[in-house]
Amino acid sequence: MSIKKSILGFVFLITMAMSLKAQVKVGFEISFIEPQAHYAEIEMNISGVAAKNYVDVKMPVWTPGSYLVREFSKSVEGFGAEVSGKEVKSEKVSKNTWRVYNNKANSVKVKYRVYAFEISVRTAFIDASHAFLSSASIFMYPAGHLNAPSTLKINLWGNWNKISTGLEPVAGQANTFYAKDFDILFDSPIEVGTQDVFEFTASGVRHEVAMVGGGNYDKEKLKVDMAKIVEEGTKIFGVNPNKYYVFIVHNYNTGSGGLEHLNSTVLGASRNGYTNPARYKGFLDLVAHEYFHLWNVKRMRPVALGPFDYENENYTTNLWVSEGFTSYYENKLMLRAGHTKIEDFVNSLTGAIGTVMNTPGAKANSAAASSFDAWINGAYRPNENSRNTFVSYYAKGEVVGMLMDIEIAHATKGAKSLDDVMKAMYEKNMKEGKGYTDAEFKAMVEKIAGISFTDFWAKYVTGTHPIEFEKYFAMAGIKSVNNKAGQSIPTFGATVGRGVSGPASMAGAARVIVGGVTRGSGAWNGGVNVNDEIISIDGVAPEANIDRMSVISSKKVGDVVKVIVQRDGLRHELEVKLTANENVELRSSIMEDASELQKAVRNRWMGI
Ligand SMILES: [Zn+2]
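Sequential numbering of the sequence shown, starting at 0, is according to my numbering.
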């Protein structure tokens, strides 16, 4: 037998196996019997399963885009199963797996209830006014059949009359939708209720905006402003791959945050913030961020991020690209859409550099390491020491994106930019039908720029080199200075908050409690602990900003202060030797006398 023949045979077997698996189909029906108590009832009809003794059904433990194991199965109750209308045995065999004894029947019906009362863009919430279904926290899947197609019938409740979702409607069947596989289902949030829906078309794509919870928004203004963002994003990639796109906007008293999906997004906003210029800009920033994700992470993505493993952490060292570059491009889209001015663009990026440089963790944690540990550290699982050990892959990635962009524009004398890398990577990933590796991404940057980025990677991606902001800004004709350079300002090295519990507060006095201690500072070396109550510094009662107290600001670096703290009911006297405050305060301005090369780099970088 020739190798060719055996490969053909192997391919045939795989095709057979795939076609057998593809016979599994799932029909969901969701009802809301007690929405006021935050419950959904789910019926799941699974057909085409193998004639074995049992079938396992599973609940995802996380939802893509939000890198934290959330254990959605904790909200499941009342699980039961039937075959041909008769109840059959089922049992829980792991934290998120139920085993249904179908006794060789090919079809089985599963029923369960889900409690949904967590307000966020990545968790489900149901009450008498509406239901927001973050699909990965509502729907189960038959083990081993993530590729199975499913339909979903939604039974409206009370006066609910609208459903907003990126899922494809099933023709001729009211309130019924289709997902070709579970990746699509889990990537399609669903809003059910009485939301205010309006539409606009941009870049040839119909866009639905579903406003939930009311608000002082101006629909006509939003249609124009959001369309500009869509068009600028589409210009970068040259293509907008969706036919229909849905913005589900949750308006709360104070809301924020967003979660990206293939052809939809969920945004949190403040109900009455639309008439406040800063809040409105913040909303458009969020629109730009989540919309950019439809290319960067939902399609052009690291290999680890799809197809997903819904039961475990999906590790990647590239969130600095997926999230950080998206934060960076938020700035570029806002500038190009005319929503911000050049000065705002430069100031925003200058601010991002300052944020990274003033994070002690940036000296210990690289962009790649920060990405990998998203599941256990940083924003999703912060602790009192996070600032010392972790740098945000959003902030660091935003800065790295900017440096890379300018470096490419400089190396090509203004002919290319990071835009060309993003477009080329998008096209490569779509053609290959898979995500990129670290090496492939770096190779594309080098191909577009025509120079090596090995040193850049070692400094800024896998390393913790200080940001050479003056050098990069200068390449683009921007002058940037650190107002604090050369100054020797003493710092205590701890952040504090006002404690409100305990006997002292009952007596009416707010206590000053240590919230964080900066690595290498006097407080760190002197043994000040988080949760210590500061009683006095050199005999003076503490204030909310320790460094601004004259007992600190009037001293010199190297001077020692006596600190009395109360810890677990006991008083301790500590000596804190003041260190120099190393925080930067950056200011940037556009060089009037920029050279032709600097202008060419700046124009390509900003793209205006
Ligand atoms: Zn994001």
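No residue lacks a Cβ here, since even glycine has one placed at the ideal position from N, Cα and C.
Close-in-space but distant-in-sequence residues of the same chain around residue i (CB under 8 Å, 5 per side omitted)
i	result
P465	M356
S416	D404, I407, A408, R603, W604, G606
T339	K280, N330, M333, S347
Burial state of residue i, where buried means 16 or more other Cβ atoms lie within 10 Å
i	result
K108	buried
I607	exposed
S321	buried
A599	buried
R69	buried
Q486	exposed
D592	exposed
N530	exposed
K220	exposed
F9	Reliability of the predicted coordinates at F9 is poor, the pLDDT of 47 falling under 50, and no value is obtained from them.
P306	exposed
A509	exposed
Q22	exposed
T274	exposed
R335	buried
D418	buried
D81	The sequence shown places Glu at residue 81, not Asp. Classification of E81: buried, given that the 10 Å Cβ count is 16 or more.
E90	exposed
A170	exposed
I341	exposed
D372	buried
L577	buried
Residues of its chain near residue i, where Cβ-Cβ distance is below 6 Å and the 5 sequence neighbours each way are ignored
i	result
F78	W97, Y111
T233	S202, N239
K222	F199
E42	E28, K110
F181	Y140, L145
V562	I536, L573, V575
R518	P359, N387
L132	A123, I189
A363	T388
T164	S187, I189
T325	H288, F291, H292, N295
V87	A80, Y100
Y425	F236, W294, M299
I45	V25, V107, P141
F282	A268
Beta-bridge partners of residue i, as assigned by DSSP
i	result
M43	F27, V109
M210	D195, V248
R510	G498
N295	M299
E572	I563
G515	T494
Y279	Y279 is not bridged to any residue.
V54	V99
I533	V564
A268	N250
R586	V480
V204	A201
I125	A130
L145	Answer by DSSP bridge pairing: none, since L145 is not bridged.
S63	Here the sequence assigns Pro to residue 63, which means Ser is not the residue at that position. In the DSSP output, where bridge partners are listed per residue, P63 has none listed.
L258	V265
Minimum C-alpha distance to residue i - residue among the options
i	options	result
H292	E312, T264, G305	T264
F344	S587, S535, I162, V550	S587
S65	S594, N376, A361, N95	N376
Y216	R278, V516, W159	R278
D224	E190, E167, R121, D284	D284
V211	A268, S594, Y425	A268
K441	D195, N428, G432, V420	V420
N160	A173, P148, L151, T150	A173
Y244	R121, R205, E584	R205
T316	A448, S370, K395, G305	S370
A130	A142, Q194, A170, P168	Q194
K458	E117, V398, I477, K152	V398
T490	A543, N482, S552, G432	S552
N262	N528, N252, V229	V229
G413	R380, G449, S149	G449
G50	R270, I32, I153, K103	At residue 50 the sequence reads Ala, which differs from the Gly that was named. Looking at the Cα atoms, K103 is the closest of the given residues.
Sequence-distant residues of the same chain with beta carbon closer than 7 Å to residue i, five excluded per side
i	result
G462	S365
D126	P34, Q35, H37
G526	L573
Residue i beta carbon near ligand 2 (any heavy atom closer than 8 Å)
i	result
E397	Absence of ligand 2 from the depicted structure is noted, with ligand 1 being the only ligands included.
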